[in-house]
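Residue numbers (our numbering), protein chains in the order written: chain A, 109 to 492; chain B, 645 to 773.
Don't be surprised by glycine CBs; every beta carbon is placed ideally from N, CA and C.
Take a look at the structure below.
Take a look at the structure:
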């Protein structure tokens, strides 16, 4: 990888230890991915926030570097482990809470916007077409590349943090070009968001860095998000390109049989003790739609709803949060279904959700059973 | 060497693994001892060695494990891999542990217990003793 004279000097430590470490991370990442140089980025979105995932090593590292590290570009943040407004309802231990708050404090000290959201593309303005960004949240990277005309690789927590501190990223892979060698043909009729989640999961398994995808009809935001969430869960692929692709692309059908395979892999139970909605977190459109579906109805079991704090605030002003609470929902901001410490196999056997991403982590990280259903089905079966 | 991911100068004894290493699940972050029964380096400490292995596997959070073993003075002197993966690359970058990749031939010629040295600033050669 070619470095400018200034970049070389920073790598040697002439701009301090933090810059030296950040450059070491970008150079190591760049060499590993055959980058030719570093390019400026305008926005970084960091993962590595939830104490459940980064643990003591992460907490100590962030606390250490936050004394001197400052981010250079707009930097937003993934969800953490709980919503401070109602954490006392969930019996989390003191150690978890204090370590999580330390992590939050470290990021804020570094100048990171405490967005605690996995849907930055829905709560911030999107920069102009072709802008280079550095998104470490997988669904957000895929959404940015596929729907928002931005350019990012599927960054790691570390490359995104180093990119935020330096304001640059290694110019490689999806930042440069995409030439998928696979075209997935959507063959399933009357798809809902669950179908698109499974399609994304399927695509992520067989795609390398990007895939062509054809046969999609009109999709709404929920379906777009579900497809990105599914893909981000199952592999390294980080972009959908809409269309048939070149004639030499291998064509692979996503049909009822393939869909059933994904369903069988992730669906373990016929019913859940608890419902979760929001993985990725719900945006205002989805909240509005849910409120419409729930008119006069109430959940017959616990239903946890995950959304960004900014969306919760908007929803509160419109009166949606009152409606949701009336229907028996628990509203949680700043956190997400995915890798939540609030759902434990000690008191939950299985969770009903419409999220493929949520299902994967509930099953593999929380160790609980999963019952997959579309939102319409959930409302029909679980409310009265 | 093929690629220099984290530069540095080092001289030491090789600890070689034929298996890939999952730092998150396999390496004790306090002692640097391999804790996976099924790994061919089971119960071996990586501390102070030149760790030679095919590549890293598993969660990217494993990079924090590499950082932790360094903070706990239990880290290898350097790492040499056949294939660069992002977890080991970022972990070595965080911890400032020299990391290079080598060809398959070079990988098979390196034996456990061998003494070797390299200095990425002066040449692209590994010296065997």
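Just verifying my parser: in three-state terms, what is the DSSP assignment at residue 399 of chain A?
Here residue 399 of chain A corresponds to residue number 291 of the first chain, with the count starting at 1. Here residue 399 of chain A sits in helix by DSSP.
Any contact of the stretch 356–373 of chain A with the stretch 400–412 of chain A, i.e. 3+ C-beta pairs under 8 Å?
no
Does residue 721 of chain B have its Cβ less than 9 Å from a Cβ in chain A?
In the second chain, residue 721 of chain B corresponds to position 77, counting from 1. Taking Cβ atoms only, chain A never reaches closer than 9 Å to residue 721 of chain B, which makes this a no.
Which two residues bound the contiguous alpha helix (DSSP H) that contains residue 645 of chain B?
Position 1 of the second chain, counted from the first residue, corresponds to residue 645 of chain B. Element bounds for residue 645 of chain B: n/a, residue is neither H nor E.
For the stretch 111–140 of chain A, which residues have a beta carbon sitting closer than 7 Å to at least one beta carbon of chain B?
129, 132, 133, 136, 137, 139, 140
Neighbour-count burial assignment, residue 202 of chain A, 16 or more Cβ in a 10 Å radius:
Position 94 of the first chain holds residue 202 of chain A. Per the 10 Å Cβ criterion, exposed.
Runs of 3 residues minimum, wholly inside the stretch 136–221 of chain A: which ones carry the beta strand (DSSP E) assignment?
146–148, 151–154, 182–185
Once you ignore the five residues that flank residue 383 of chain A on each side, which residues in its own chain have a CB closer than 8 Å to its CB?
In the first chain, residue 383 of chain A corresponds to position 275, counting from 1. Excluding residues within five positions, the ones whose Cβ falls inside 8 Å are 407, 409, 410, 411, 412, 459, 460, 461, 486, 490.
Keeping to the same chain, check which residues put their C-beta closer than 8 Å to that of residue 358 of chain A; ignore five residues upstream and five downstream.
Here residue 358 of chain A corresponds to residue number 250 of the first chain, with the count starting at 1. Correct list, in chain order: 289, 290, 291.
Using beta carbons (cut-off 9 Å, strictly below), is residue 690 of chain B in contact with chain A?
Here residue 690 of chain B refers to the residue found at position 46 when the second chain is read from its first residue. Not one chain A Cβ lies under 9 Å of residue 690 of chain B.
For the putative contact between residue 186 of chain A and residue 154 of chain A, defined by C-beta atoms under 8 Å, what is the C-beta separation to the nearest angstrom?
In the first chain, counting from the first residue as 1, residue 186 of chain A sits at position 78. In the first chain, counting from the first residue as 1, residue 154 of chain A sits at position 46. Yes, residue 186 of chain A and residue 154 of chain A are in contact; Cβ-Cβ is about 6 Å, under 8 Å.
Output, in chain order, the set of chain A residues within a Cβ distance shorter than 9 Å of residue 729 of chain B.
Position 85 of the second chain, counted from the first residue, corresponds to residue 729 of chain B. Chain A residues near residue 729 of chain B: 140.
According to DSSP, simplified to helix, strand and coil, what is residue 451 of chain A?
Stepping through the first chain from its first residue, residue 451 of chain A is reached at position 343. Residue state, collapsed to three classes: coil.
Please return the same chain residues whose Cβ sits closer than 8 Å to the Cβ of residue 178 of chain A, not counting the five positions on each side in sequence.
Walking along the first chain from the start, residue 178 of chain A turns up at place 70. Here the set comprises 218, 219, 273.
Verify the CB distance criterion: does residue 733 of chain B have a CB-CB separation below 9 Å to chain A?
As a first step, residue 733 of chain B is located in the second chain; it is residue number 89 there, counting from the start. Chain A, which has a Cβ nearer than 9 Å to the Cβ of residue 733 of chain B, makes this yes.
What does the Cβ neighbour count give for residue 693 of chain B, buried or exposed, with the cut at 16 atoms within 10 Å?
Counting from 1 along the second chain, the entry for residue 693 of chain B is found at position 49. Under this definition residue 693 of chain B is a buried residue.
Which residues mark the beginning and the end of the beta strand (DSSP E) in which residue 658 of chain B is found?
Stepping through the second chain from its first residue, residue 658 of chain B is reached at position 14. Residue 658 of chain B -> beta strand (DSSP E) spans 653–660.
Confirm, please, whether the CB-CB distance from residue 195 of chain A to residue 277 of chain A is below 9 Å.
Counted from its first residue, the first chain places residue 277 of chain A at position 169. Counted from its first residue, the first chain places residue 195 of chain A at position 87. Contact: no.
Against chain B, which members of the stretch 264–296 of chain A pass a CB distance test of less than 9 Å?
264, 265, 266, 267, 270
Which listed residue (A:181, A:307, A:351) has its alpha carbon closest to that of residue 331 of chain A:
Taking the first chain and counting its residues from 1, the one referred to as residue 331 of chain A is at position 223. Of the listed residues, the one whose Cα sits closest to residue 331 of chain A is A:307.
Could you tell me whether any Cβ in chain A is nearer than 9 Å to the Cβ of residue 666 of chain B?
Counted from its first residue, the second chain places residue 666 of chain B at position 22. Not one chain A Cβ lies under 9 Å of residue 666 of chain B.
Using the rule of at least 16 other Cβ atoms within 10 Å of the residue's Cβ for burial, across every protein chain shown, is residue 767 of chain B buried or exposed?
One-based indexing of the second chain puts residue 767 of chain B at position 123. Answer is exposed; the Cβ neighbour count stays below 16.
Quick check: the Cα distance between residue 266 of chain A and residue 734 of chain B, rounded to an integer number of angstroms?
Mapped onto the first chain, residue 266 of chain A falls at position 158. Mapped onto the second chain, residue 734 of chain B falls at position 90. Each residue's alpha carbon lies about 7 Å from the other.
Nearest chain A C-beta to residue 675 of chain B closer than 9 Å, yes or no?
On the second chain, residue 675 of chain B is found 31 positions in, with the first residue counted as 1. It does not; no Cβ of chain A falls within 9 Å.
Can you pull the chain B residues whose beta carbon is under 8 Å from the beta carbon of residue 162 of chain A, in chain order?
One-based indexing of the first chain puts residue 162 of chain A at position 54. Going along chain B in sequence order, the residues near residue 162 of chain A (Cβ under 8 Å) are 705, 708.
Looking at residue 262 of chain A and residue 361 of chain A, is the spacing between their C-beta atoms short of 9 Å?
The residue given as residue 361 of chain A occupies position 253 in the first chain. The residue given as residue 262 of chain A occupies position 154 in the first chain. For residue 361 of chain A and residue 262 of chain A, no; Cβs fall outside 9 Å.
Relative to the alpha-carbon of residue 275 of chain A, which residue among A:150, A:205, A:391 has its alpha-carbon at the smallest distance?
Walking along the first chain from the start, residue 275 of chain A turns up at place 167. Looking at the Cα atoms, A:150 is the closest of the given residues.
Using the C-alpha atoms, what's the distance from residue 439 of chain A back to residue 428 of chain A?
One-based indexing of the first chain puts residue 428 of chain A at position 320. One-based indexing of the first chain puts residue 439 of chain A at position 331. About 11 Å.
Got a sec? Which residues, its chain only, sit under 7 Å from residue 737 of chain B by beta carbon, not counting five neighbours each side?
In the second chain, residue 737 of chain B corresponds to position 93, counting from 1. Cβ within range, chain order: 650.
Sorry if obvious, but does the Cβ on residue 652 of chain B come closer than 8 Å to a heavy atom of the ligand PLP?
As presented, the structure is devoid of all ligands, the ligand PLP included, so that no description of it is given.
Just tell me which of A:327, A:233, A:323, A:164 has its CA closest to the CA of residue 207 of chain A.
Locating residue 207 of chain A in the first chain gives position 99, counting from the first residue. For the residues A:327, A:233, A:323, A:164, the minimum Cα distance to residue 207 of chain A belongs to A:164.
Can you find a CB in chain A that lies within less than 9 Å of the CB of residue 693 of chain B?
As a first step, residue 693 of chain B must be located in the second chain, where it is residue number 49. Output row for residue 693 of chain B: interface = no.
Comparing the C-beta of residue 682 of chain B with each C-beta of chain A, is any distance below 9 Å?
Numbered from its first residue, the second chain carries residue 682 of chain B at position 38. Chain A, which has no Cβ nearer than 9 Å to the Cβ of residue 682 of chain B, makes this no.
By Cβ distance below 6 Å, which residues in the same chain neighbour residue 474 of chain A in space, the five residues on each side in sequence not counted?
Locating residue 474 of chain A in the first chain gives position 366, where the first residue counts as 1. Answer for residue 474 of chain A: 451, listed in chain order.
Strictly by DSSP, which residues pair up with residue 369 of chain A?
One-based indexing of the first chain puts residue 369 of chain A at position 261. DSSP, once it has assigned bridges, lists no residue as partnering residue 369 of chain A.
Any C-beta of chain A within less than 8 Å: which residues of the stretch 736–755 of chain B qualify?
736, 737, 738, 740, 743
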